[in-house]
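Numbering follows full-length UniProt numbering, with no gaps: position 103 of the sequence shown is 103.
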Amino acid sequence: MYQIFSVGQLGKELSKRNPRPRLQTNFRSYEKADGFMQSKSADKEIKDDVWHAQSEVQENTKFVLGVLPASQKYYKPTSRNTFKCIQSGEEINFAFLNDNYCDCPDFSDEPSTSACNSGKFYCTHQSKHGISSVLSYKVNDGICDCCDGSDEWLYVKLPEHTALPVNKQKGIFQVPCPVSCIS
1 MYQIFSVGQL
11 GKELSKRNPR
21 PRLQTNFRSY
31 EKADGFMQSK
41 SADKEIKDDV
51 WHAQSEVQEN
61 TKFVLGVLPA
71 SQKYYKPTSR
81 NTFKCIQSGE
91 EINFAFLNDN
101 YCDCPDFSDE
111 PSTSACNSGK
121 FYCTHQSKHG
131 ISSVLSYKVN
141 DGICDCCDGS
151 DEWLYVKLPE
161 HTALPVNKQK
171 GIFQVPCPVS
181 CIS
């Protein structure tokens, strides 16, 4: 009974969206994700109503996790409170940015999630030797791929039977991630 209810709820959520086909969607954890955008002021909490209020979003948005600093300018809402897909130019509601569902054909609307398997997540720490990135499917999988652990922002722990003790994690670290960045 619960499965039938869950599928019905998912169908209602999907029907609210643009009825075009979606690309490479990860349905295993279809939840509205929070916390992808960081606020300039620590005392002012970003709430759901702020995501929809264009002027407040622009004021409060500092950076989007998983995006290079040079590309942050693309992650601001337009005057119509939409997000413009970087390569295709297609526009989607700004609330669909980082909602754990691929809306853009170029996967640019999900930089902080693992929803688009072929997307790229750029680590927060970038070394002088080159750009550090991982494929999006590795985001929040319990294994630290970025030297600063920024790809594991949800702190998802591996199941008890698969987790290794810290002293046996030779070169492959699990959550919580140690910082191992070398400039």
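By construction, the Cβ of each residue, glycine as well, lies at the ideal position given by its N, Cα and C atoms.
Distance check between Y155 and each of C177, C102 and F96 places C177 closest, using alpha-carbon atoms only. Going by DSSP, K84 is part of the beta strand (DSSP E) stretching over T82 to K84. At a Cβ-Cβ threshold of 7 Å, Y74 and I92 do not count as neighbours. Per the DSSP secondary-structure output, N167 pairs with nothing in a beta bridge. Only residues of its own chain outside the window of five on either side were considered, and among them T113, S114, D151, E152, W153, L154 and V156 have a CB closer than 8 Å to the CB of N140, listed in chain order.
G142 and Q169 have their C-alpha atoms spaced approximately 13 Å apart. S136 and C123 do not touch by the CB rule: their CB atoms are close to 12 Å apart, not below 8 Å. Annotated as proximal: S88 and P105, with beta-carbon spacing under 7 Å. In the three-state reduction of the DSSP assignment, S133 falls in the strand class, which pools E and B. In the displayed model, Q174 falls within a strand according to three-state DSSP. Counting C-beta atoms within 10 angstroms of its own C-beta, K128 has fewer than 16 neighbours from the protein chains shown and is therefore classed as exposed. The beta carbon of D103 sits closer than 6 Å to those of I92, F96 and D109, all from its chain and outside the five residues before and after it, given in chain order. Taking C-beta atoms as the reference points, N81 and F94 count as a pair closer than 7 Å.
Spatial neighbours of S180 in its own chain (CB-CB distance under 6 Å, excluding positions within 5 residues in sequence) are listed in chain order as C147. A straight-line Cα-Cα distance of about 47 Å links A163 and S79. Residue pairing by DSSP places N93 opposite T82 in a beta bridge. Taking the C-beta atoms as reference points, C144 is found nearer than 7 Å to F173. Within the model, the alpha-carbon separation for V175 versus L158 is close to 8 Å.
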